[in-house]
Amino acid sequence: MKTTASYLRVTGFMILAFILLEIIVESGESWAIVQYPIIWAILAMVLFFAIALEIIAAALHRILFAGLSAEAKANYIATETLRDQNRFAWFKRKYKAMLGAKPIANEQEIVLDHNYDGIRELDNNLPPWWTWLFYISIVFAVVYFVYYEVFDGPSQLDEYEMELAQAKQDIEEFKKNNKDLIDVNTVELLTEPSDLAAGEAVFVANCVACHKASGGGGIGPNLTDDYWILGGGIKNIFNTISEGGRAGKGMVAWKTDLKPNEMAQVASYVLTLHGTNPVDPKEPEGDIWMDENAPVDNVDVKIIDSTSIKIEMSNDAKIESIVSGN
Ligand code: HEC
């Protein structure tokens with residue numbers, strides 16, 4: 001029996017089979033059906049069985065029907081038609097009620113008494129679906145007003161800031177749990193005592209032979225002064241430790257021996273040695289390093305003569321430089 005219902009059943013069955021297969025078969029990012037073409041064959045078989053089932057059910061139905069007496073047949077047809085008519089009755093009733101239109105038979109009750117070239121107007125009620133939307137929007141407006149205006153609910157800006165703060169917190173959390181994802185671009189100065197202690201342990205185990213336990217320097221340069229050969233600041237130091245110094249100078253790349261997290265810890269520890277003035281330090285090598293991203297609180301420009309000016313920038317360390325005008 002080729003009825004709409006049987007088509008719908010087969011289609012629904014196929015969709016169900018497809019979804020089930022996609023859920024059950026582990027296929028990572030891509031579709032299971034793309035990764036395993038055999039699924040096409042399985043689906044074809046399912047389709048075949050679904051159609052076979054429909055045909056068998058329809059045949060059974062026909063045989064049983066043919067076996068009925070004439071009276072029973074009439075009875076059966078009558079109940080079936082009644083059932084068809086009552087199908088979705090609740091929805092049909094609700095739909096009609098929501099439209100709120102007068103039945104066509106009663107329209108003369110609401111026709112208005114004007115007539116323009118044969119066009120007449122009905123005075124229908126507003127459809128209930130529309131009025132309900134209207135009432136709901138009024139209730140919503142009251143709730144909205146009270147929540148946001150009377151009780152100062154969070155504005156869009158507040159919500160944005162809350163989300164931002166939450167995201168920052170999540171990132172911190174993520175970083176804490178994934179310390180080995182650090183690289184030279186993301187490394188930050190660690191200040192937790194546990195990290196610095198771990199950094200000290202790495203330093204003692206690997207670095208003191210050349211840099212001395214105090215960081216004062218021996219084979220390697222002094223790590224406590226303001227002078228850096230390869231650049232100061234957490235990023236440069238991390239990079240030096242990870243990639244090594246200039247070729248042939250003795251500072252190897254530690255990235256094969258140390259984890260990124262350990263390099264960040266020892267780099268942070270090295271920075272705690274800054275300014276400790278150890279006994280018998282190695283003489284300065286390299287240049288004074290300035291963090292170009294450091295905040296400058298105050299810039300003072302003095303004109304010395306027509307070709308040169310003097311710029312004074314001040315923050316923690318006072319830095320002066322002369323810029324020549326030609
Ligand atoms: C075999 C000796 C040796 C060992 C071990 C060693 N270094 Fe070095 N280190 C050097 C030398 C030599 C340099 C100078 C490199 C250059 O001039 O390019 C240097 C440079 C550095 C610098 C850059 C200094 C600057 O002025 O720019 C840092 C930071 C540093 N080392 C940290 C470490 C850390 C941390 C360890 C342990 C994980 C370590 N070093 C182990 C010899 C060593």
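Residues in the sequence shown are numbered consecutively from 1, following full-length UniProt numbering.
For every residue, glycine included, the Cβ atom is placed at its ideal position computed from N, Cα and C.
Since the structure is predicted, the reported quantities are computational estimates derived from the model, not experimental observations.
Buried or exposed by the 16-neighbour rule on C-beta atoms within 10 Å, applied to residue i
i           : result
D158        : exposed
D195        : buried
G220        : buried
W90         : exposed
S321        : Residue placement at S321 is flagged as unreliable, the pLDDT there being 46, under the threshold of 50; a coordinate-derived value is accordingly withheld.
E312        : exposed
T240        : buried
N261        : buried
L271        : buried
H211        : buried
I182        : buried
V187        : buried
V202        : buried
residue 330 : Within the shown structure, residues of the chain are numbered from 1 to 326, placing residue 330 beyond reach of any answer.
I303        : exposed
residue 364 : The chain is shown only over 1 to 326; residue 364 falls outside these bounds and no answer can be derived.
K176        : exposed
T3          : exposed
K73         : exposed
Cut-off 8 Å between Cβ atoms - residues of its own chain near residue i, not counting five sequence neighbours on either side
i           : result
E121        : V111, L112, H114
L190        : L196, G199, A264, Q265, S268
G244        : M251, V252, A253, W254
F18         : I33, L43
residue 349 : Residue 349 is absent from the model: the chain starts at 1 and stops at 326.
Backbone secondary structure at residue i - three-state DSSP
i    : result
I309 : strand
N115 : strand
D84  : helix
E172 : helix
R246 : coil
W90  : helix
V301 : strand
G158 : This sequence places Asp at residue 158; Gly is not what is there. Three-state DSSP puts D158 in a helix.
D180 : helix
E121 : strand
I138 : helix
S104 : One detail in the question is off: residue 104 reads as Ile in this sequence, not Ser. DSSP places I104 in helix when its eight states are reduced to three.
I110 : coil
Rounded distance between the beta-carbons of residue j and residue i, thought under 8 Å
i           : j    : result
G217        : P281 : 6 Å
I309        : V301 : 6 Å
L21         : I39  : 6 Å
V10         : E54  : 6 Å
V204        : S242 : Between S242 and V204 the Cβ distance is about 19 Å, and since that is not below 8 Å, they are no contact.
G286        : W228 : 5 Å
A50         : M14  : 7 Å
residue 341 : K94  : The requested residue 341 is not part of the displayed model; the chain covers only 1 to 326.
Y76         : L68  : 7 Å
Nonlocal neighbours in the same chain, by C-beta distance under 7 Å from residue i, ignoring five residues either side
i    : result
L273 : G215, L223, T224
M98  : P127, P128, W129
G153 : Y147
Residues near residue i in its chain [Cβ-Cβ closer than 6 Å; skip 5 each side]
i    : result
K259 : D180
S6   : E54
T79  : none
M1   : Residue confidence is low: M1 scores 48 on pLDDT, short of 50, so the model does not pin down where it sits. No coordinate-derived value is stated.
P284 : D225, Y227
G100 : N125, P127, P128
W31  : none
Check: residue i C-beta below 7 Å from any heavy atom of the ligand GDP
i    : result
K168 : The model on display carries the ligand HEC but not the ligand GDP.
> Where in the stretch 15 to 67 do unbroken runs of the alpha helix (DSSP H), each at least 4 residues long, occur, reported from the N-terminal end onward?
Replying inline: If you keep only unbroken alpha helix (DSSP H) runs of at least 4 residues inside the stretch 15 to 67, you get 32 to 35, 38 to 66.
> Going along the chain, which unbroken runs of the alpha helix (DSSP H) with 4 or more residues stay wholly within the stretch 191 to 268?
Replying inline: Segments of the alpha helix (DSSP H) lying fully in the stretch 191 to 268: 193 to 206, 208 to 211, 233 to 243.
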